[in-house]
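Written out below as structure tokens is the structure these notes cover.
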Amino acid sequence: MKCRKCGRQAVFNMRRHKLALCAEHYLEWFPEQVERAINKYKMFTHDDKVLVAVSGGKDSLTLWDVLLGLGYRAEGLYIGLGVDGGLGYSDLSLEKIEGFMATRPGAALHKVDIPESYGESVPEVAARTQRGRGKPCAVCGLIKRYVMNRAASEGNFDALATGHNLDDEAAVLFGNTLHWQVGYLARQAPVLEEQGDLARKVKPLCRLYEREAAAYALIKGIDYIYDECPHAVGSTTNRYKELLNELELDSPGAKLQFYLSFLKAKEQGLFQQAMEQVTLHPCENCGQPTTAPGLCTFCRLW
Ligand code: SF4
Ligand code: ZN
Ligand code: ZN
3 MKCRKCGRQA VFNMRRHKLA LCAEHYLEWF PEQVERAINK YKMFTHDDKV LVAVSGGKDS
63 LTLWDVLLGL GYRAEGLYIG LGVDGGLGYS DLSLEKIEGF MATRPGAALH KVDIPESYGE
123 SVPEVAARTQ RGRGKPCAVC GLIKRYVMNR AASEGNFDAL ATGHNLDDEA AVLFGNTLHW
183 QVGYLARQAP VLEEQGDLAR KVKPLCRLYE REAAAYALIK GIDYIYDECP HAVGSTTNRY
243 KELLNELELD SPGAKLQFYL SFLKAKEQGL FQQAMEQVTL HPCENCGQPT TAPGLCTFCR
303 LW
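The sequence shown begins at 3 in this note's numbering and counts up by one.
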């Protein structure tokens, strides 16, 4: 395979685009795609302050690297969940982030350590609550959303960026469609506009395949944590990803098509009713916006 741009040996081939590129041109192509998505969905501008949620994995570090490379004012947010899983998962993710920062002297990182700040790790709080029921992910999702929102609003960030890639989005879409979760479908988008104190949420990698993000990290020499969070093993989302991968194998571009057609249908008014804004008011304890009466779900959890 030869690079389409320069004819040198290609290092990466994207079947869905019928495009093969050498290392140098791949490192040009990928950020261009990210920037296109940022502009197309009006995620943020060069004047905005962007908080990037980083886990030490390939997607979030790739995203942060690309945003810094494109000259955006992107700062990192690391949330220490206190997950060990036999491999010191949380410690290892922080190590990878610190390694990343060591070669990018201007980069700023905000850290929130859950056990330190709230007295219990995510698996611990999950174990003692109804919501956890043996698997910490529901509790973890709630905690991460809360901490991200809070950090974004306290730090006056214009947008909160996460590293969700196309495979993630397609898998979530698949799950939401299987169960016709209209409320979730209405809120699944590359951009979720800010609502009062809730920061705008953006997913600049939403049109890029997981393997494309991984290829960028590898070619760029970003050292990331290869292991997934141990609690992700065997999750339904992973099962959906496998199913979608099978589809993709037979028809390259299937995942992208699935996701983009959904976005188009939404643009045309599907789920309009469900998109009507819910009313938010400040939590009695922490002041963060919530739909729940009295205390927000986070404060109730602790
Ligand atoms: Fe949290 Fe579950 Fe994701 Fe692990 S897999 S980071 S516990 S949501
Ligand atoms: Zn080339
Ligand atoms: Zn609260």
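Where is the CB? At the ideal position from N, CA and C, for every residue including glycine. None of these values were measured; they are calculated from a predicted model.
- If one requires a minimum length of 3 residues, the beta strand (DSSP E) runs lying completely within the region 140-196 are 161-163, in chain order.
- Bridge pairing for Gly-82: Asp-115 [DSSP].
- Between Lys-113 and Gly-82, the beta carbon gap of about 7 angstroms places them in contact (Cβ cut-off 8 angstroms).
- If you look at Phe-273, you'll find it isn't in any alpha helix (DSSP H); DSSP assigns it neither H nor E.
- In the three-state reduction of the DSSP assignment, Ala-110 falls in the coil class.
- Under the Cβ criterion (8 angstroms, minimum of three pairs), the region 37-44 does not count as touching the region 8-23.
- Taken through DSSP and simplified to helix, strand or coil, His-48 comes out as coil.
- In this structure, Gln-290 places its C-beta atom within 8 angstroms of the C-beta atom of Tyr-148.
- As a beta-bridge residue in DSSP terms, Ala-22 pairs with Asn-15.
- With 6 angstroms as the limit between CB and the heavy atoms of ligand 2, the residues that fall short of it are Cys-5, Lys-7, Cys-8, Arg-10, Leu-23, Cys-24, Glu-26 and His-27.
- With respect to the C-alpha of Leu-53, the residue from Arg-38, Tyr-80, His-27 and Glu-37 having the closest C-alpha is Tyr-80.
- Residue pairing by DSSP places Thr-292 opposite His-283 in a beta bridge.
- According to the DSSP assignment, Arg-202 belongs to the beta strand (DSSP E) that extends over 202-204.
- Selection around ligand 1 by beta-carbon proximity, strictly under 5 angstroms to any non-hydrogen atom, yields Pro-138, Cys-139, Cys-142, Cys-231, His-233 and Ala-234 in chain order.
- Collapsing the DSSP output to three states places Val-36 in a helix.
- Taking a cut-off of 8 angstroms for Cβ pairs, the region 149-162 and the region 229-249 do not touch, as fewer than three such pairs fall below it.
- For Leu-262, same chain residues with a beta-carbon under 6 angstroms away, outside a window of 5 residues either side, do not exist.
- For Met-103, the enclosing alpha helix (DSSP H) has its first and last residue at 91-104.
- Taking every residue with its beta carbon within less than 6 angstroms of a heavy atom belonging to ligand 3 gives, in chain order, Cys-285, Asn-287, Cys-288, Gln-290, Leu-297, Cys-298, Phe-300 and Cys-301.
- The three-state secondary structure of Leu-207, taken from DSSP, is coil.
- When the five nearest sequence neighbours on each side are left out, the beta carbons in the same chain lying within less than 8 angstroms of the beta carbon of His-48 are those of Gly-73, Tyr-74 and Arg-75, in order along the chain.
- When beta bridges are read from the DSSP output, Ala-55 appears opposite Leu-79.
- Taking C-beta separations shorter than 6 angstroms and ignoring five residues to either side along the sequence, Gly-136 has no partners in its chain.
- Classified as exposed, Leu-180 has fewer than 16 neighbouring CB atoms from the shown chains inside 10 Å of its CB.
- If you look at Trp-66, you'll find it in the alpha helix (DSSP H) that goes 60-71.
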